[in-house]
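Reading through the structure tokens given below for one structure.
Protein chains in written order, with my numbering: chain A, 205 to 516; chain B, 51 to 420.
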């Protein structure tokens with residue numbers, strides 16, 4: 205009888221512990237509000253990072269993004285997220301003026317906020333705890349310097365989203381890294397239009413020796429344009445961000461470099477940081493730089509498999 | 051001719067002969083043709099020596115025009131029939147993914163994937179048409195809903211299956227596919243190679259002709275434009291289209307199968323979108339869930355520039371072709387003018403406005419002169 209009671213008590217205690225443990229994990233709820241739609245290949249990887257962190261940490265994460273690049277809509281999403289009183293809020297800050305008020309309000313309501321991807325320069329001012337991302341200007345600068353070292357004197361930066369501050373900064377950094385002579389070519393998101401615009405531009409400006417694209421959306425059509433014109437060997441061609449097509453071109457030596465900001469980390473780490481902050485009050489001491497990493501023909505092969513899995 | 055009209059007031063007016071010149075002037079596409087001439091004239095002056103009107107340059111802007119034109123031709127028929135289809139842009143994205151995922155992920159032969167995509171398109175078009183006709187709701191709203199549903203399904207399904215939103219690797223699968231050759235690549239490559247040998251067209255540094263051939267998109271554009279024009283002007287089905295767009299009830303009363311006509315037109319627009327998607331997927335070697343964004347509006351703009359009325363019952367397929375050519379030419383032309391591309395949209399808008407104003411001015415002049 206006694207033994208049975210003891211056993212029973214132990215069982216109840218164990219169950220209570222397990223239940224307590226499970227409920228503690230479920231209790232933590234984190235909301236991610238980004239400006240990138242899940243349909244963008246870049247943000248698709250960020251979201252994969254968020255999903256993986258959610259699984260690994262055993263917490264509940266909601267991912268929200270406006271369906272177009274719309275800062276007003278994004279501010280409303282941040283307000284809605286803050287109103288739901290999550291244990292942590294992850295935001296990207298592509299436009300501090302438009303989003304600042306909403307972020308400050310969330311911080312004011314006592315919600316721990318971590319910024320990711322864009323907003324490294326403003327996160328302190330807005331009261332975010334930490335930034336996880338890459339500094340765009342420096343990443344562009346690094347690309348420009350590489351091209352300059354390769355002997356490029358005149359280049360073009362292909363921007364498929366003029367008005368996005370982060371992309372504009374990349375082009376600025378690239379121009380400064382190159383030492384001045386780089387134009388911006390604004391294009392649409394349509395692959396045929398990008399390819400033919402590139403061909404038209406090179407016809408008009410045959411002296412351009414270097415090309416930088418700001419994402420795989422533009423990189424693959426530009427590569428097609430260079431191959432069609434028989435110029436793939438004559439021009440130095442680099443891009444921001446990876447895709448299977450870009451990696452294959454790198455492995456084949458048709459491209460010079462891809463600037464990788466390892467955005468999987470930008471989805472994964474903020475969720476981990478906020479979970480640990482909610483559980484134990486832990487916090488890293490400084491902002492986390494996820495990039496820039498350069499993928500070149502030398503190391504492309506090893507990255508290819510990871511890209512297929514949506515991790516790079 | 052005018053003399054005859056006056057001298058025989060009692061004669062049956064339907065038997066009167068109209069001179070060919072007057073017939074041409076009365077066509078809805080006249081304004082668009084005039085607008086296209088104006089656009090070419092403008093770029094001829096501003097960018098004449100920049101290579102825009104070299105063989106390569108012409109193929110370059112015609113290719114962009116052709117892809118839009120394939121859509122615009124189908125959309126113009128539907129608009130003449132009195133309906134809109136806003137889901138064509140999303141259909142491009144969806145069809146591309148329907149082709150790419152089975153081909154790359156499941157290893158299906160490419161021709162089967164293309165057939166599947168056209169099957170899906172026919173189903174979407176059928177649904178669009180049946181919902182619109184049976185409920186009597188404006189097609190504007192019905193297809194707007196389908197725009198979101200299709201785009202969302204495309205993104206959701208692609209991410210679920212591949213974990214990404216771009217599916218690459220089509221080029222390897224397409225290499226030996228018999229059906230892919232009809233949609234991708236170039237036509238008349240032999241002729242162009244011969245012309246390059248004969249010195250008629252320029253050669254690249256590596257000895258290949260500067261243009262390898264006529265892109266298949268342009269071939270399809272011309273074929274579809276011809277077929278649609280023949281259908282509209284020379285067949286009873288064409289008359290039914292005009293009748294449906296003019297007055298649906300009157301058309302039904304005189305025995306036009308309105309439901310069948312409209313549903314077929316919706317299927318045609320969805321299939322045209324799939325054709326564009328197939329060409330782009332084979333051309334770019336990848337599919338992307340974002341393809342075709344805003345193309346529905348560009349297609350409607352091209353159809354309206356080409357003389358289609360937003361109210362239905364009037365318009366032409368040739369007009370839509372010229373509308374697409376105006377749009378594509380202006381879009382690519384800016385890269386030859388050397389204008390800073392920050393101003394691209396202003397330039398595009400102003401050029402389109404001028405083309406449309408000129409278009410309606412010419413049409414008005416001609417109708418006044420009657």
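Each residue gets a CB set at the ideal place from its N, CA and C atoms; glycine is no exception.
From a predicted model like this one, the values you see are computed outputs, not experimental measurements.
> For a contact meaning CB atoms closer than 7 angstroms, what does residue 110/B contact in chain A?
Replying inline: As a position in the second chain, residue 110/B is number 60, starting the count at 1. Going along chain A in sequence order, the residues near residue 110/B (Cβ under 7 angstroms) are 400, 403, 404.
> Buried or exposed: which applies to residue 420/A, given that a residue is buried once 16 or more other Cβ atoms fall within 10 Å of its Cβ?
Replying inline: Translated into positions along the first chain, residue 420/A becomes position 216. By the neighbour-count rule (16 or more Cβ atoms within 10 Å), residue 420/A is buried.
> Just checking my contact of residue 174/B with residue 136/B at CB under 8 angstroms: how many whole Å lie between their CB atoms?
Replying inline: Locating residue 174/B in the second chain gives position 124, counting from the first residue. Locating residue 136/B in the second chain gives position 86, counting from the first residue. Not quite, the Cβ-Cβ distance comes to about 12 angstroms (not below 8 angstroms), so this is no contact.
>> Rounding to the nearest angstrom, what Cα-Cα distance links residue 410/B and residue 352/B in this structure?
In response: Residue 410/B sits at position 360 when you count from the first residue of the second chain. Residue 352/B sits at position 302 when you count from the first residue of the second chain. Approximately 14 angstroms, taken between the alpha carbons.
> If contact means a Cβ-Cβ distance below 9 angstroms, which residues of the segment 74–107 of chain B contact chain A?
Replying inline: 97, 100, 101, 102, 104, 106, 107
> Leaving out five residues before and five after residue 369/B in sequence, what residues of the same chain have Cβ atoms less than 6 angstroms from its Cβ?
Replying inline: Taking the first residue of the second chain as position 1, residue 369/B is located at position 319. Taken in chain order, the residues that qualify are 78, 79, 82, 356, 357.
> With respect to the alpha helix (DSSP H) encompassing residue 364/A, which residues constitute its N-terminal and C-terminal limits?
Replying inline: Residue numbering aside, residue 364/A sits at position 160 when the first chain is read from its first letter. Residue 364/A -> no alpha helix (DSSP H), and no H or E assigned at all.
>> Does chain A have any CB closer than 8 angstroms to the CB of residue 113/B?
In response: Counting from one through the second chain, the residue named residue 113/B turns up at place 63. Yes, its Cβ sits closer than 8 angstroms to a Cβ of chain A.
> So, is residue 225/A buried or exposed, given that buried needs 16 or more other C-beta atoms within 10 angstroms?
Replying inline: By 1-based counting over the first chain, the position of residue 225/A is 21. Only weak support exists for where residue 225/A lies, its pLDDT of 45 falling under 50; the value from the coordinates is given anyway. By the neighbour-count rule (16 or more Cβ atoms within 10 Å), residue 225/A is not buried but exposed.
>> Just verifying my parser: in three-state terms, what is the DSSP assignment at residue 226/A?
In response: Here residue 226/A refers to the residue found at position 22 of the first chain. Reliability fails at residue 226/A, whose pLDDT of 43 lies under 50, so the model's placement of it is uncertain and the value that follows must be treated cautiously. Looking at residue 226/A - three-state DSSP - the assignment turns out to be helix.
>> I want to verify the contact list: residues of chain A whose CB lies under 9 angstroms from the CB of residue 373/B, in sequence order.
In response: Within the second chain, numbered from 1, the residue matching residue 373/B stands at position 323. The premise fails here: residue 373/B is roughly 17 angstroms from chain A at the closest Cβ pair, so nothing lies under 9 angstroms.
> Going by other Cβ atoms of all chains shown within 10 Å of its Cβ, with 16 needed for buried, is residue 190/B buried or exposed?
Replying inline: Residue numbering aside, residue 190/B sits at position 140 when the second chain is read from its first letter. Looking at its Cβ environment, which holds fewer than 16 other Cβ atoms inside 10 Å, residue 190/B is exposed.
> Using Cβ-Cβ distances below 7 angstroms, what residues of the segment 246–262 of chain A are close to chain B?
Replying inline: 248, 252
> Is there a Cβ from chain A that is less than 8 angstroms from the Cβ of residue 382/B?
Replying inline: In the second chain, the residue the question calls residue 382/B occupies position 332. Yes, contact with chain A.
> What is the DSSP secondary structure of residue 395/B, counted as helix, strand or coil?
Replying inline: Along the second chain, read from residue 1 onward, the residue named residue 395/B stands at position 345. It is helical.
> How about residue 137/B: is its C-beta nearer than 8 angstroms to some C-beta of chain A?
Replying inline: As a position in the second chain, residue 137/B is number 87, starting the count at 1. Cβ-Cβ to chain A under 8 angstroms: no for residue 137/B.
> Can we say the segment 137–150 of chain B touches the segment 316–333 of chain B, given the rule of at least three CB pairs closer than 8 angstroms?
Replying inline: In short, these stretches touch, since the Cβ pair count reaches three.
>> Please list, in chain order, the residues of the segment 394–416 of chain B that have any C-beta partner in chain A closer than 7 angstroms.
In response: Taking 7 angstroms as the Cβ-Cβ cut-off against chain A, the residues of the segment 394–416 of chain B that qualify are 394.
> chain B beta carbons: is any one of them nearer than 8 angstroms to that of residue 475/A?
Replying inline: Stepping through the first chain from its first residue, residue 475/A is reached at position 271. Closer than 8 angstroms to the CB of residue 475/A there is not a single CB belonging to chain B.
> Within this structure, are the beta carbons of residue 235/A and residue 334/A separated by less than 8 angstroms?
Replying inline: Sequence index remark: in the first chain, residue 235/A carries index 31 (1-based). Sequence index remark: in the first chain, residue 334/A carries index 130 (1-based). No, they are not a contact pair.
> Do you know offhand how far residue 38/B's Cα is from residue 244/A's?
Replying inline: With chain B represented from 51 up to 420, any question about residue 38/B goes unanswered, as that position is not in the structure.
>> According to DSSP, simplified to helix, strand and coil, what is residue 233/A?
In response: On the first chain, residue 233/A is found 29 positions in, with the first residue counted as 1. Strand at residue 233/A.
> residue 362/A and residue 417/A look like a contact to me (Cβ under 8 angstroms); what is the Cβ gap, rounded to whole Å?
Replying inline: On the first chain, position 158 is the one that residue 362/A refers to. On the first chain, position 213 is the one that residue 417/A refers to. Sure, about 5 angstroms apart at Cβ, within 8 angstroms.
> Quick one: is residue 413/B buried, meaning 16 or more other Cβ sit within 10 Å of its Cβ, or exposed?
Replying inline: Here the question's residue 413/B lines up with position 363 in the second chain. Counting Cβ neighbours within 10 Å, residue 413/B comes out buried, since at least 16 surround it.
> Just to confirm, are residue 436/A and residue 392/B a CB contact at a threshold of 8 angstroms?
Replying inline: Taking the first chain and counting its residues from 1, one reaches residue 436/A at position 232. Taking the second chain and counting its residues from 1, one reaches residue 392/B at position 342. Contact flag unset, no.
>> Can you give me the C-alpha to C-alpha distance between residue 246/A and residue 413/A, rounded to a whole angstrom?
In response: For the purposes of this step, residue 246/A is identified with residue 42 of the first chain, where counting begins at 1. For the purposes of this step, residue 413/A is identified with residue 209 of the first chain, where counting begins at 1. In this structure, the CA atom of residue 246/A is about 27 angstroms from the CA atom of residue 413/A.
> residue 488/A CB to nearest chain B CB: under 8 angstroms?
Replying inline: As a position in the first chain, residue 488/A is number 284, starting the count at 1. Residue 488/A does not count as touching chain B.
> By a C-beta neighbour count over all protein chains shown, 10 Å radius and 16 as the cutoff for buried, is residue 280/B buried or exposed?
Replying inline: Residue mapping note: residue 280/B aligns to position 230 of the second chain, counting from 1. So residue 280/B ends up on the exposed side.
> Taking the runs of the beta strand (DSSP E) that are 3 residues or longer, which of them lie wholly in the segment 417–450 of chain A?
Replying inline: 440–444
>> Is there a C-beta anywhere in chain B that falls below 8 angstroms from the one on residue 514/A?
In response: Start at 1 with the first residue of the first chain, and residue 514/A comes out as number 310. Yes, its Cβ sits closer than 8 angstroms to a Cβ of chain B.
>> Which residues of the segment 383–394 of chain A have a Cβ closer than 9 angstroms to any Cβ of chain E? Give them in chain order.
In response: Going by chain labels, chain E is absent from the structure shown, which instead holds the protein chains A and B.
> Are there 16 or more other CB atoms within 10 angstroms of the CB of residue 347/A, so buried, or fewer, so exposed?
Replying inline: Taking the first chain and counting its residues from 1, the one referred to as residue 347/A is at position 143. Classification for residue 347/A: buried.
> Between residue 295/B and the rest of its own chain, which residues show a CB-CB distance below 6 angstroms, the 5 nearest in sequence each way excluded?
Replying inline: Locating residue 295/B in the second chain gives position 245, where the first residue counts as 1. Result list for residue 295/B: 130, 131, 132, 362, 363, in chain order.
>> So with CB distances below 9 angstroms, who are the chain B contacts of residue 448/A?
In response: For the purposes of this step, residue 448/A is identified with residue 244 of the first chain, where counting begins at 1. Residues of chain B passing the Cβ test: 214, 216, 217, 218, 219, 336.
> Leaving out five residues before and five after residue 346/B in sequence, what residues of the same chain have Cβ atoms less than 6 angstroms from its Cβ?
Replying inline: Start at 1 with the first residue of the second chain, and residue 346/B comes out as number 296. Around residue 346/B: 136, 138, 139.
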